[in-house]
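One structure is given below, encoded as structure tokens.
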Amino acid sequence: MFQKNQKKVLTAWTMYDWANSVHNLVIITVVFPMYFLATTSIKDSLGNIINDEVNFFGFHVQNSVLYSYTISVATLLLVLLNPILTPLADSSGRRKFFMKLFCYLGAASCAYFFFFTRDNVNWVVIAFGLSIVGWGGSIVFYNSFLPEIATEDRFDNLSARGFMMGYIGSVLLLVFNLVMIMKPEMVGLSQADTESGLTARITFLTVGLWWALFAQIPFYYLPKDKVKRLKGEVFSSSFRELRKVLGELRQNNLIKRFLLAFLFYDMGVMTVIYVATIFADKELHIEKTGLIVTLLLIQLIAIPGSFLASWLSGKFGNTKALLIEIFIWSLMPLAAYFTTTANEFYVIAAVVGLVMGGIQSLSRSTYAKLIPDDTKDTASYFGFYDIVEKIAITLGTLLFGVVEQLTGDMRNSVLVILVFFIIGFLLLMRIPSKNIYKG
10 MFQKNQKKVL
20 TAWTMYDWAN
30 SVHNLVIITV
40 VFPMYFLATT
50 SIKDSLGNII
60 NDEVNFFGFH
70 VQNSVLYSYT
80 ISVATLLLVL
90 LNPILTPLAD
100 SSGRRKFFMK
110 LFCYLGAASC
120 AYFFFFTRDN
130 VNWVVIAFGL
140 SIVGWGGSIV
150 FYNSFLPEIA
160 TEDRFDNLSA
170 RGFMMGYIGS
180 VLLLVFNLVM
190 IMKPEMVGLS
200 QADTESGLTA
210 RITFLTVGLW
220 WALFAQIPFY
230 YLPKDKVKRL
240 KGEVFSSSFR
250 ELRKVLGELR
260 QNNLIKRFLL
270 AFLFYDMGVM
280 TVIYVATIFA
290 DKELHIEKTG
300 LIVTLLLIQL
310 IAIPGSFLAS
320 WLSGKFGNTK
330 ALLIEIFIWS
340 LMPLAAYFTT
350 TANEFYVIAA
360 VVGLVMGGIQ
370 SLSRSTYAKL
380 IPDDTKDTAS
390 YFGFYDIVEK
400 IAITLGTLLF
410 GVVEQLTGDM
420 RNSVLVILVF
430 FIIGFLLLMR
440 IPSKNIYKG
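This note's numbering puts the first residue of the sequence shown at 10, with every later residue one more than the last.
Quick look at the structure:
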């Protein structure tokens, strides 16, 4: 039987956050969206955008809306895949195999962005969606190792450590990439390479390499797969496992209540994370240098923010700690709606950084505490958690894009995010606040 709380295994587990978080920061948040908007927009001689529509396989759509819809479709695909693959991983004993499969899919997709030009936007959009599928698919299996490698008293702190490692690793790679973009001569390139977009495209390649290479650490130390032969009953075994876990979930009122609350407040969190850069660019016209510095500060502030959430959960219990975080989060879209200057945006960004890592790490550890003791189906359980998160991303970004498209004003979409947080807050209030939800 695998021994829990082994220091080297716990540290190796957090290294997957280090490996994959570069996708969220470099691809989702900073470099890729800026390059995507720049590449898919036509400007006049003064630098003003005169056309921001993209011909996507015959459909004409605004580049920012296409960006939002791509995220929605990719996460919807994960919603469809996870109910099949997570129970299959449990029944076949191939949890690490699936984690590797999605990891390499995501890393390879990021590397493909090296070939991103206006002439192949359609295929890049597909690769962008696949990078999200790879990231989200690997995360569900990664998260499922948490209750297997650690005891419950370490969940909050270990989850926070994982997010801390993710923020540090992603910031380090982003700083290197920004130096390459802004001072290309320092790495043997030229200003012409930056102007042509070559340095940005090399950035995407480094993300794929970083992700795949550092993932080898958790792949080596995490518990090995205990492969079981299914003898031609692959999908029937998968669905039996799914029905089993679904039946257990139906009988656990706390898990049902938590997942419903998580759905709504995570719609707010993930939508902010995915569209903040586009909002700052299109609505506030913040200079890219200032925006990049802000995003870096958010990552750094999120490190103590993760441990602040862990401290709050230890003092007040998980639910009250999450309620505090959600309340702070709910103030951000309201403030963003009235924001008109870069300085106002920077203040909002600093507060977002404080609660961003905290609410994510605490949500993960809280759900892990709700899983029944000694369960062997952790991938299936976290599969449902991931499904809810992906539905949150799908609905959040989809509604954000729809409201913008219907009203022609992204600020109206920001108010929709506020509604998500309010509903999530009210639903979470139904769950008692304890340090450990057992008994």
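C-beta: ideal position from N, C-alpha, C; glycine also. In this text, all values refer to a predicted model and were calculated from it rather than measured experimentally.
>> Considering just the uninterrupted stretch of the alpha helix (DSSP H) at Gln308, what are its terminal residues?
In response: For the purposes of this step, residue 308 is taken as residue 299 along the sequence shown, with counting starting at 1. Element bounds for Gln308: Lys297 to Phe325.
> Would Asn166 be called buried (16 or more neighbouring beta carbons within 10 Å of its own) or exposed?
Replying inline: Here residue 166 corresponds to residue number 157 of the sequence shown, with the count starting at 1. Asn166 should be labelled buried.
>> Need the endpoints of the alpha helix (DSSP H) that Phe185 sits in, please.
In response: By one-based count along the sequence shown, residue 185 stands at place 176. First-last of the alpha helix (DSSP H) with Phe185: Phe164 to Met191.
> Hey, quick one: how far does the beta strand (DSSP E) through Phe68 stretch, first residue to last?
Replying inline: For this step, residue 68 is matched to residue 59 along the sequence shown. It spans Phe68 to Gln71 - the beta strand (DSSP E) in which Phe68 sits, taken as one unbroken run.
> Just how far apart, CA to CA, sit Leu114 and Tyr176?
Replying inline: For the purposes of this step, residue 114 is identified with residue 105 of the sequence shown, where counting begins at 1. For the purposes of this step, residue 176 is identified with residue 167 of the sequence shown, where counting begins at 1. C-alpha separation (whole angstroms): 22 Å.
>> In this structure, how does DSSP classify Val236 when only helix, strand and coil are distinguished?
In response: For this step, residue 236 is matched to residue 227 along the sequence shown. Reduced to three states, the DSSP call for Val236 is coil.
> So, helix, strand or coil for Lys13, using DSSP?
Replying inline: Working through the sequence shown from its first residue, we reach residue 13 at position 4. Lys13 falls in the coil class under three-state DSSP.
>> Here's the rule: buried if 16 or more other CB atoms are within 10 angstroms of the residue's CB, otherwise exposed. What is Thr415?
In response: On the sequence shown, residue 415 is found 406 positions in, with the first residue counted as 1. Per the sequence shown, residue 415 should be read as Leu rather than Thr. Leu415 is exposed by the Cβ-count criterion.
>> Quick check on Glu292: does DSSP put it in helix, strand or coil?
In response: If you number the sequence shown from 1, residue 292 lands on position 283. Coil.
> When the Cα atoms are used, what is the spatial distance from Leu19 to Val254?
Replying inline: To locate residue 19, count along the sequence shown from 1; it is residue 10. To locate residue 254, count along the sequence shown from 1; it is residue 245. Cα-Cα distance, rounded: 26 Å.
>> For a test of the three-state rule: what should DSSP assign to Ile380, helix, strand or coil?
In response: Within the sequence shown, the letter at position 371 stands for residue 380. Coil.
> From the DSSP output, which residues share a beta bridge with Asn64?
Replying inline: Stepping through the sequence shown from its first residue, residue 64 is reached at position 55. Per DSSP, His69.
>> Quick check: what's the CA-CA separation for Met43 versus Pro441?
In response: To locate residue 43, count along the sequence shown from 1; it is residue 34. To locate residue 441, count along the sequence shown from 1; it is residue 432. Answer to the nearest angstrom: the Cα atoms are 43 Å apart.
> Would you say the segment 387-400 touches the segment 148-161, given that touching needs at least three Cβ pairs under 8 Å?
Replying inline: yes
>> Within a Cβ cutoff of 7 Å, which residues of the same chain sit near Val364, ignoring the five residues on either side of it in sequence?
In response: Here residue 364 refers to the residue found at position 355 when the sequence shown is read from its first residue. Cβ neighbours of Val364 beyond the five flanking positions: Gly314, Glu334, Ile337 and Trp338.
>> Suppose you measure from the CA of Phe354 to the CA of Ala289; what does that come to, to the nearest Å?
In response: The count along the sequence shown starts at 1 and reaches residue 354 at position 345. The count along the sequence shown starts at 1 and reaches residue 289 at position 280. One C-alpha to the other measures close to 8 Å.
>> Given a cut-off of 8 Å on the beta-carbon distance, is the pair Trp22 and Gly171 in contact?
In response: The residue given as residue 22 occupies position 13 in the sequence shown. The residue given as residue 171 occupies position 162 in the sequence shown. Yes. Within cutoff.
> In the DSSP assignment, what residue or residues form a beta bridge with Ile51?
Replying inline: Position 42 of the sequence shown holds residue 51. For Ile51, which the question treats as bridged, DSSP gives the partners Asn60.
>> Only counting the same chain, and skipping five residues up and downstream in sequence, which positions put a Cβ closer than 8 Å to that of Gly362?
In response: Walking along the sequence shown from the start, residue 362 turns up at place 353. Here the set comprises Leu306, Ile307, Gln308, Leu309, Ile310, Ala311 and Gly314.
>> Short of 8 Å in beta carbon distance, which residues of its chain neighbour Ser199, apart from the five on each side in sequence? Order them along the chain.
In response: Residue mapping note: residue 199 aligns to position 190 of the sequence shown, counting from 1. Once the five neighbours on either side are set aside, the close Cβ partners of Ser199 are Pro193.
> Can you give the beta carbon distance from Glu157 to Lys378, rounded, assuming they're within the 8 Å contact cut?
Replying inline: By 1-based counting over the sequence shown, the position of residue 157 is 148. By 1-based counting over the sequence shown, the position of residue 378 is 369. Not a contact, Cβ separation roughly 14 Å.
> Ordered along the chain, which non-local residues of its own chain (more than five positions away) have a Cβ less than 8 Å from that of Tyr78?
Replying inline: The sequence position of residue 78 within the sequence shown is 69, counting from 1. Only Val70, Thr406, Leu407 and Gly410 meet the Cβ criterion.
>> Would Val63 and Leu46 qualify as a contact pair, given that the criterion is a beta-carbon distance under 8 Å?
In response: For the purposes of this step, residue 63 is identified with residue 54 of the sequence shown, where counting begins at 1. For the purposes of this step, residue 46 is identified with residue 37 of the sequence shown, where counting begins at 1. Contact flag unset, no.
> Count the other CB atoms within 10 Å of the CB of Pro96; is the residue buried (16 or more) or exposed (fewer)?
Replying inline: Residue mapping note: residue 96 aligns to position 87 of the sequence shown, counting from 1. Label assigned to Pro96: buried.
> Distance, Cα to Cα, Val142 vs Phe325?
Replying inline: The sequence position of residue 142 within the sequence shown is 133, counting from 1. The sequence position of residue 325 within the sequence shown is 316, counting from 1. Whole-angstrom Cα-Cα distance: 36 Å.
>> Measuring straight from C-alpha to C-alpha, what distance separates Lys329 and Ser322?
In response: In the sequence shown, residue 329 corresponds to position 320, counting from 1. In the sequence shown, residue 322 corresponds to position 313, counting from 1. The straight-line gap from Cα to Cα measures roughly 7 Å.
> Helix, strand or coil for Asp347 per DSSP?
Replying inline: Residue numbering aside, residue 347 sits at position 338 when the sequence shown is read from its first letter. Looking at the sequence itself, residue 347 is Phe, so the reference to Asp does not match. DSSP places Phe347 in coil when its eight states are reduced to three.
> Around the C-beta of Ala401, are 16 or more other C-beta atoms found within 10 angstroms, so that it is buried, or is it exposed?
Replying inline: Working through the sequence shown from its first residue, we reach residue 401 at position 392. The residue is buried, with at least 16 neighbouring Cβ atoms inside 10 Å.
>> How far does the alpha helix (DSSP H) with Gln225 in it extend, from its first residue to its last?
In response: Sequence index remark: in the sequence shown, residue 225 carries index 216 (1-based). That run of the alpha helix (DSSP H) goes Gln225 to Tyr230.
> In the structure shown, what three-state DSSP assignment does Tyr446 receive?
Replying inline: As a first step, residue 446 is located in the sequence shown; it is residue number 437 there, counting from the start. Because the pLDDT at Tyr446 is just 41, under 50, the model does not fix this residue reliably, and the point stays unresolved.
> Do you know how far the Cα of Arg266 is from the Cα of Leu222?
Replying inline: The count along the sequence shown starts at 1 and reaches residue 222 at position 213. The count along the sequence shown starts at 1 and reaches residue 266 at position 257. Cα to Cα, Leu222 sits roughly 38 Å from Arg266.
> How would you label Val134, buried or exposed, when you count the other beta carbons within 10 angstroms and need 16 or more for buried?
Replying inline: For the purposes of this step, residue 134 is identified with residue 125 of the sequence shown, where counting begins at 1. Label assigned to Val134: buried.
> Does DSSP put Phe125 in a helix, a strand or coil?
Replying inline: Against the sequence shown, residue 125 aligns to sequence position 116. In this structure, Phe125 counts as coil in the three-state DSSP scheme.
> When the Cα atoms are used, what is the spatial distance from Asn444 to Asn91?
Replying inline: Along the sequence shown, one-based indexing puts residue 444 at 435. Along the sequence shown, one-based indexing puts residue 91 at 82. Bear in mind that the predicted position of Asn444 carries a pLDDT of just 49, short of 50, making it too unreliable to give a figure here.
> What first and last residue would you give for the alpha helix (DSSP H) that runs through Arg420?
Replying inline: Taking the sequence shown and counting its residues from 1, one reaches residue 420 at position 411. Unbroken alpha helix (DSSP H) run through Arg420: Met419 to Leu437.
>> Between which two residues does the alpha helix (DSSP H) holding Ile135 run?
In response: In the sequence shown, the residue the question calls residue 135 occupies position 126. Start and end: Val130 to Asn152.
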